[in-house]
Amino acid sequence: MKRRSSKTPRLPFDPLRVRGEDENPSGGGESAAAPVAKGSKSDAATISVSELTRLIKGAILQVLPSDIRVIGELSNVARPSGGHVYFTLKDAGSEVRCVMWRSAAQTLRFDMQEGMEVIATGSVDVYEPRGQYQLYVRRLTPCGVGALELAFQQLKERLAKEGLFDPARKRPLPPHPSTIAVVTSLTGAAIRDMLQTLERRYPKVQIYVFGVRVQGDGAANEIADAIRRINKSSAALGGVDVMIVGRGGGSLEDLWAFNEEPVARAIYESKIPIVSAVGHEVDFTIADFVADVRAATPTAAAELVAPKLSDVMAELDDLRHRLSQAVRRRIESRALRLAALEQSPWFRDPIGQIRRIHQKVDEMISRLRLSVARRIHRAKSRVHGLELRFVGARPTVQLARRRERATRVERRLERAIEATLHKWERRVRGIELRLASVTPRRRLEADADRLKGITRDLRRTMSRYLAQRGKDLSVLEARLAAASPENVLNRGYSITRRHRDDAVVRSDAEVREGDKITTQTADGTFTSRVIDDKQGELFD
Amino acid sequence: MSKQKFEFESAMTRAEEIAGAIEQGKIGLEDSIRQFEEGMELIRQCRKVLNDAELKIQKLEADSEGGAVAAGTLAPLDEA
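If you read the sequences in order, they're chains A and B.
According to my numbering, the first sequence is numbered sequentially starting from 21.
According to my numbering, the second sequence is numbered sequentially starting from 3.
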């Protein structure tokens with residue numbers, strides 16, 4: 021591809037191959053000018069396709085500046101394996117084929133995406149085999165947003181999707197690191213700041229510094245390589261606890277290495293926890309997002325990584341204190357237990373304890389004996405029962421047994437009666453108790469009512485009874501009156517009594533001759549003497 | 003350094019363990035006294051390490067096998 025400087029557009033051209041119209045004033049005598057001269061006439065000379073193409077190419081090169089900035093929309097972006105990029109730039113009205121050679125394409129930091137508005141800087145030339153004019157792009161920048169910014173956003177999105185920034189995979193930093201690796205430039209202020217900070221805070225560490233370039237082409241790969249190498253050699257270096265990867269502040273371009281994918285990948289793959297320390301506080305890089313911890317500055321990284329010596333000392337003091345306290349408490353608690361143990365009856369009165377146990381044993385023995393004896397007794401009584409059943413066949417024995425049974429039945433009866441009595445007693449007592457618990461007033465009122473009723477009934481009965489008795493009494497009186505001796509005397513009968521003993525004479529045998537007798541009539545008495553006591557015999 | 007490093011971190015951890023174990027009464031009296039002594043010794047050693055330590059700075063360089071090797075000391079503090 022030929023190129024001409026825009027400052028000297030007219031001077032260096034090949035008059036043999038390019039014959040522009042502006043050649044005409046400079047003189048038409050030259051042979052090369054002939055076709056053009058001819059062309060301007062009606063009987064133009066016939067030229068080949070190649071010649072035409074060459075003419076066009078010459079014209080283009082001559083007319084167009086070698087540095088053209090074209091704004092348009094990307095489309096048909098193609099990246100064959102060779103590394104060159106082919107695409108079309110278009111707008112609403114037209115389009116132009118573009119080529120970006122590998123050398124230029126490699127400097128691209130963003131992904132070329134369809135539809136993206138870009139400014140392409142380059143020159144126009146003709147691709148002769150196809151007779152096609154093309155824009156040969158040397159520089160491509162996105163419109164509106166800066167190229168780097170765009171690249172940053174694009175990579176960030178992609179890596180985030182892949183999970184490189186996942187907070188779950190962030191590792192904690194070791195609290196007391198002994199070996200720290202630093203990946204940074206050996207010449208910047210960053211390394212000096214870090215080492216000073218470490219010296220000041222925690223001069224207990226082994227520091228390995230891996231010097232790398234932190235900006236410019238290839239810096240990203242160097243940084244990534246250093247991270248990988250340190251991981252690989254960690255064991256040989258005695259176990260690297262933590263790594264700081266960073267550099268001092270700078271422009272976005274300066275920090276760019278830390279926005280590149282290789283660095284992000286290396287950090288992601290690192291088995292050693294990584295603190296990123298890039299630039300100053302406002303700058304966030306892709307490395308910051310991937311790192312386990314992000315420090316705003318190298319100094320901050322050193323502070324994050326190394327504890328303060330005084331803090332660790334305090335931690336140790338605290339631990340020592342805890343340990344002493346713990347063991348003291350432990351001893352105290354043991355002492356308390358010991359004291360409690362000493363107070364236990366076993367230590368205060370061991371003999372008493374033993375005696376008590378003796379007693380227990382004795383008790384157990386006697387209980388054992390008793391149960392054995394009971395068992396023997398049961399056996400004996402079973403034998404005895406059998407004996408009795410054999411002997412019991414004899415009549416005398418049977419008799420005795422019957423008697424015994426009778427006695428037993430009697431006793432049982434007695435007991436049953438007694439038990440029944442007890443039961444009843446208990447029931448009565450229970451009823452009494454229940455009665456007592458019933459509201460007494462109501463009961464009393466009821467009782468009083470009943471009592472009244474009973475009294476009334478009693479009175480009624482009593483008066484009836486008395487009336488009846490009165491009647492009976494009059495009858496009796498009448499009967500008695502009828503039977504009285506006075507009445508008999510009135511009817512002409514008399515009563516004779518022996519004078520000597522006043523006995524009523526009911527038979528002639530009761531008097532003898534000469535006996536004095538008194539005779540009572542209804543209105544008086546008279547005395548007479550028995551003359552003949554055999555008068556009765558006369559009638560016999 | 004690697005040996006010392008291991009000892010420091012593990013000594014701290016061990017001392018913490020001991021303190022925790024004694025605090026929780028997990029171990030017997032004699033053991034706890036023995037471990038207490040061990041813990042105190044560990045702490046003493048840790049302090050000694052801290053007191054005696056000094057910053058050691060070494061430069062690393064890439065080796066041919068894709069690793070890194072220490073390549074002499076670095077004195078960037080003086081450089082500054």
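The C-beta atom is built at its ideal place from N, Cα and C for all residues, glycine as well.
Using a C-beta cut-off of 8 angstroms, the stretch 51 to 60 of chain B makes no contact with the stretch 371 to 383 of chain A, since fewer than three inter-stretch Cβ pairs fall below that distance. By the neighbour-count criterion, in which a residue is buried when 16 or more other Cβ atoms sit within 10 angstroms of its Cβ, A:Tyr156 is buried. The shortest CA-to-CA distance from A:Arg212 to any of A:Pro318, A:Thr475, A:Val83 is the one to A:Pro318. Per DSSP, the unbroken alpha helix (DSSP H) holding B:Phe38 starts and ends at 31 to 54.
If you compare the alpha carbons of A:Leu75, A:Leu324, A:Ala498, A:Leu441 with that of A:His196, the shortest gap goes to A:Leu324. Not a single CB atom of chain B sits nearer than 7 angstroms to the CB of A:Pro327. Judged by DSSP secondary structure, A:Gly231 falls within the beta strand (DSSP E) whose first and last residues are 226 to 231.
The three-state secondary structure of A:Pro162, taken from DSSP, is strand. For B:Cys48, the closest C-alpha among the options A:Leu84, A:Lys224, A:Asp369, A:Glu148 is that of A:Lys224. Under a criterion of Cβ atoms nearer than 7 angstroms, the residues of chain B adjacent to A:Tyr228 are, in order, Gln60, Leu62, Ala72. Below 8 angstroms, too few C-beta pairs join the stretch 176 to 192 of chain A and the stretch 134 to 152 of chain A to call them touching: fewer than three.
Listed along chain B are Met42, Ile45, each with a C-beta nearer than 7 angstroms to that of A:Arg340. Fewer than three pairs of CB atoms, one per stretch, sit closer than 8 angstroms, so the stretch 103 to 113 of chain A makes no contact with the stretch 67 to 76 of chain A. A:Ala297 is bridged by DSSP to A:Gly266, A:Ala315. A:Pro85 counts as exposed, since fewer than 16 other beta carbons sit within 10 angstroms of its beta carbon. Ranking A:Cys118, A:Arg354, A:Gln126, A:Ala360 by CA distance to the CA of A:Arg89 puts A:Cys118 first. Taken in chain order, the whole alpha helix (DSSP H) runs of length 4 or more contained in the stretch 76 to 149 of chain A are 122 to 125. Neighbours of A:Ala346 in chain B, taken as residues whose beta carbon is under 7 angstroms from its own, are Ala21, Ile24, Glu25 in chain order.
Think of a sphere of 9 angstroms around the beta carbon of A:Gly231: the chain B residues whose beta carbon falls inside it are Lys61, Leu62, Glu63, Leu76, in chain order. Counted as a single uninterrupted DSSP element, the alpha helix (DSSP H) harbouring A:Thr217 occupies residues 209 to 221. Around the beta-carbon of A:Pro100, fewer than 16 other beta-carbon atoms lie within 10 Å, marking it exposed. With contacts defined by Cβ atoms closer than 7 angstroms, A:Val203 and A:Val262 do not form a contacting pair. Shown here for A:His519: same chain residues with a beta carbon closer than 8 angstroms to its own, the five before and five after excluded, namely Asp535, Lys536, Ile537, Thr538, Thr547 in chain order.
Rounded to the nearest angstrom, the Cβ distance from A:Asn510 to A:Ala487 is 33 angstroms, too far for a contact under 8 angstroms. In the DSSP assignment, A:Phe546 is bridged to A:Thr539. Beta-bridge partners assigned by DSSP to B:Lys58: A:Gln226.
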